[in-house]
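Trainee: One structure is given below, represented as structure tokens, and several questions about it will come after.
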Amino acid sequence: MWNFIQQNHGAISAIASILTLAIWALYFQLLLNSYRHRIRPKININRGGGRTSAARCVISNMSAEAIYIEAIALTLGDGHRRSVCQLSELEVSLSSESDPRSQIFQGPLNSGEFIDIGTFDSLIDRARNSFAEQEALRNDTEKLQVMVVGNYTGDDGLIAAERSYELELKEEKRLLISDTVSTRQVRSRHELRNIEKFMLEWGRFANASQRTISKDGSLKRG
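Each residue of the sequence shown is one higher than the last, beginning at -17 in my numbering.
Below, the structure written as structure tokens:
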């Protein structure tokens, strides 16, 4: 055995070096994954207290650090068109009895903290009331999407998350059926740039009573 080692010490040394390098590479990858997981923001959008549109819409910060919610947008679809309402831009009379963040749809959220922004029914009604042709969508809404846009600690760019629901009428109740098991985190730079462009366009359409989304994803007056 000793003679074998002496005769092949060069090859054995090379193999040992390769194994050591592989172990260090694996260790580095684990550290890198842990670091990425820590700095990557995560926002959860969920319903609470039922499966119908009377359930509460809950926004949670599952990131390791605090986030700041810049805007919450609600998109309604009736099978023919989509109309979007930026809830954060609507005028509201603040109540001292409720969390102001749930009334203005803006504000900081610490890690592990959540806010209840109201029932899905109330959100849909507020969005419809901001549209000029609210009756056209009142009974025909088939889909809704909730998007949360914010900023993350130490990052100058926007972060975003979205969740979509199908509305199905059953026994005079509107069931909320999610398209996905969990909230979709918007990660790609292309999508985030589009969201930033979307918010800038929204500012230019601030006086429009209704906004619809064209085929290319841009806003236009309804």
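The C-beta atom is built at its ideal place from N, Cα and C for all residues, glycine as well.
1) Taking the C-alpha atoms as reference points, what is the distance between Gly32 and Leu174?
2) Expressed to the nearest angstrom, what Euclidean distance is found between the alpha-carbon atoms of Ser84 and Leu76?
3) Distance, Cα to Cα, Glu154 vs Tyr147?
4) Indicate whether Gly94 and Asn43 have their beta-carbon atoms separated by less than 8 Å.
5) Since Arg64 and Leu56 are thought to touch, with beta carbons under 8 Å apart, how far apart are those beta carbons, to the nearest angstrom?
6) Applying the 10 Å Cβ sphere with the 16-neighbour rule, what's the burial state of Ala109?
7) Could you round the C-beta distance between Leu140 and Val128 to whole angstroms and report it? I think they count as a contact, below 8 Å.
8) Expressed to the nearest angstrom, what Euclidean distance is found between the alpha-carbon atoms of Ala4 and Ala(-4)?
9) Using the DSSP secondary-structure output, state which residues sit across from Thr34 in a beta bridge.
10) Return the first residue and the last residue of the alpha helix (DSSP H) that Asp103 is part of.
11) Near Pro23, which residues of its chain fall below 7 Å by C-beta distance, leaving aside the five closest residues on each side in sequence?
12) Just the Cα atoms here: how many angstroms apart are Asp98 and Ser80?
13) Exposed or buried, which one is Gln68 when buried takes at least 16 other CB atoms within 10 Å?
14) Going by DSSP in three states, Lys24 sits in which element: helix, strand or coil?
15) Cα separation between Gly89 and Glu47?
16) Let's see if you can read the secondary structure: which residues bound the alpha helix (DSSP H) around Gln88?
17) Kindly indicate which three-state DSSP category Thr162 falls into: helix, strand or coil?
18) Quick check on DSSP: helix, strand or coil for Ala181?
19) Along the chain, where does the beta strand (DSSP E) containing Arg145 start, and where does it finish?
Mentor: Looking at the coordinates:
1) 32 Å
2) 10 Å
3) Their Cα atoms are separated by approximately 18 Å.
4) yes
5) With a Cβ gap of about 11 Å, Arg64 and Leu56 do not count as contacting.
6) buried
7) Actually they are not in contact, since the Cβ atoms of Leu140 and Val128 sit about 16 Å apart, beyond 8 Å.
8) Approximately 12 Å, taken between the alpha carbons.
9) Leu157
10) 102 to 111
11) Ser45, Ile49, Tyr134, Ile141
12) 10 Å
13) Gln68 comes out buried.
14) coil
15) 14 Å
16) From DSSP, Gln88 is part of no alpha helix (DSSP H); its letter is neither H nor E.
17) Coil.
18) As written in the sequence, residue 181 is Met, which differs from the Ala given in the question. Here Met181 sits in helix by DSSP.
19) For Arg145, the enclosing beta strand (DSSP E) covers residues 140 to 152.
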